[in-house]
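Shown next, in C-alpha cells, is the structure this report addresses.
In this note's numbering, the protein residues as written are 6 to 91.
Here it is, written out as C-alpha cells:
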C-alpha cells in the first residue's frame, strides 16, 4: 500500500489507532486497484509471455521457457517490491 494512503484505512480499538500497511481485499475498489497495479508492473511482459487477470498471470507455450518466464515475473515483483501472499 502506498504509505500516504495508509491513513485512509485508519480504525480505532479502545484508545489505540491502527491503520493497514497492506492492501485488503475487502475494501471498496480494491480489485480494480490491484488490476491496475498488476498491469503496470507487468506491462512489458503482457501479451509477450504473460496474460494478467487478477491471480492468473504467467502463460508459456513451450515447457522449456516456463522457468525463464517465471524468473522474469519474479524479477519484476522484486523490482516493484510487490509481496505475494500464499
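Beta carbons are placed, not taken as given, at the ideal position from N, Cα and C, and that holds for glycine. None of these values were measured; they are calculated from a predicted model.
Go ahead and label residue 26 buried or exposed: buried means 16 or more other beta carbons lie within 10 angstroms of its beta carbon, across all protein chains shown.
Within the chain shown, the letter at position 21 stands for residue 26. Around the Cβ of residue 26, a 10 Å sphere holds fewer than 16 other Cβ atoms; the residue is exposed.
In its own chain, which residues sit with a C-beta less than 8 angstroms from the C-beta of residue 62, not counting the 5 before and 5 after it?
Locating residue 62 in the chain shown gives position 57, counting from the first residue. Taking C-beta separations shorter than 8 angstroms and ignoring five residues to either side along the sequence, the partners of residue 62 in its chain run 43, 47, 55, 56 and 78, following chain order.
Identify whether residue 47 lies in helix, strand or coil by the three-state DSSP scheme.
Position 42 of the chain shown, counting from 1, holds the residue named residue 47. Looking at residue 47 - three-state DSSP - the assignment turns out to be coil, as it is neither helix nor strand.
Alpha helix (DSSP H) containing residue 11: first to last residue?
For the purposes of this step, residue 11 is taken as residue 6 along the chain shown, with counting starting at 1. Run containing residue 11: none; DSSP gives neither H nor E here.
Would you please state the rounded distance, in angstroms, between the beta carbons of residue 2 and residue 75? I believe it to be under 8 angstroms.
With the chain represented from 6 up to 91, any question about residue 2 goes unanswered, as that position is not in the structure.
Starting from residue 84, trace the alpha helix (DSSP H) in both directions and tell me its first and last residue.
For the purposes of this step, residue 84 is taken as the residue at position 79 of the chain shown. DSSP places residue 84 in the uninterrupted alpha helix (DSSP H) bounded by 71–84.
Starting from residue 57 and walking both ways along the beta strand (DSSP E), at which residues does that stretch end?
Counted from its first residue, the chain shown places residue 57 at position 52. Start and end: 55–58.
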